[in-house]
């Protein structure tokens with residue numbers, strides 16, 4: 053993720069419109085999240101005024117904040133509320149659906165989470181990393197439901213898709 057961070061930072065420094073600058077900031081925050089640097093992502097997201105964001109950017113901002121909250125072990129109900137708002141804006145984005153499923157698992161709504169994770173593929177194939185994460189979340193949900201065989205199957209699928 054260091055390469056991605058460097059590239060997004062370079063794009064931010066070259067951004068000649070407000071929308072490109074905002075997009076680069078949101079991408080930098082997402083790269084921090086992917087790298088596991090929740091504090092950096094939180095700080096960056098906190099510095100963005102949501103009133104300045106367009107519809108799609110606001111959905112990404114909410115999703116990234118929900119991811120940061122979940123990754124840092126903060127209140128999953130709060131994360132779910134944020135991602136539900138993002139879903140209302142962009143119900144077609146698999147990454148936002150994935151965040152919603154993670155939050156649903158954390159609040160114990162396992163059947164809802166499984167349904168969301170299964171629906172993620174309705175739009176076609178997912179990028180390999182997202183498919184691997186989807187399978188890991190399905191494994192976690194099935195494990196918590198006491199269905200070890202399903203969980204093992206999805207863990208195997210996650211390993212196949214991991215890059």
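In the working numbering, the protein residues as written are 53 to 215.
Ideal placement from N, C-alpha and C gives every residue a C-beta, glycine not left out.
All figures in this text were calculated on a predicted structure; none of them were measured in a lab.
Do residue i and residue j have their C-beta atoms closer together than 7 Å?
{"i": "residue 172", "j": "residue 181", "result": "no"}
{"i": "residue 193", "j": "residue 165", "result": "yes"}
{"i": "residue 114", "j": "residue 138", "result": "yes"}
{"i": "residue 132", "j": "residue 153", "result": "no"}
{"i": "residue 107", "j": "residue 141", "result": "yes"}
{"i": "residue 120", "j": "residue 94", "result": "yes"}
{"i": "residue 197", "j": "residue 149", "result": "no"}
If you follow the alpha helix (DSSP H) that residue i is in, where does it begin and where does it stop?
{"i": "residue 112", "result": "107-123"}
{"i": "residue 86", "result": "70-87"}
{"i": "residue 151", "result": "146-158"}
{"i": "residue 134", "result": "128-141"}
Identify, in the order they occur along the chain, each residue of the same chain with its Cβ nearer than 7 Å to the Cβ of residue i, setting aside the five sequence neighbours on each side.
{"i": "residue 117", "result": "97 and 134"}
{"i": "residue 128", "result": "122, 155, 158 and 159"}
{"i": "residue 105", "result": "74 and 113"}
So, for residue i: in the same chain, excluding its five sequence neighbours on each side, which residues have a beta-carbon less than 8 Å away from its beta-carbon?
{"i": "residue 204", "result": "191"}
{"i": "residue 144", "result": "175"}
Under the three-state reduction of DSSP, which class applies to residue i: helix, strand or coil?
{"i": "residue 175", "result": "helix"}
{"i": "residue 200", "result": "helix"}
{"i": "residue 100", "result": "coil"}
{"i": "residue 214", "result": "coil"}
{"i": "residue 161", "result": "coil"}
Excluding sequence positions up to five away, which residues of its chain have a Cβ less than 6 Å from the Cβ of residue i?
{"i": "residue 206", "result": "187, 190 and 191"}
{"i": "residue 124", "result": "90"}
{"i": "residue 213", "result": "180, 183 and 184"}
{"i": "residue 202", "result": "194"}
Can you find a heavy atom of the ligand HEM that lies under 6 Å from the Cβ of residue i?
{"i": "residue 130", "result": "With respect to the ligand HEM, the structure offers nothing, as it holds no ligand at all."}
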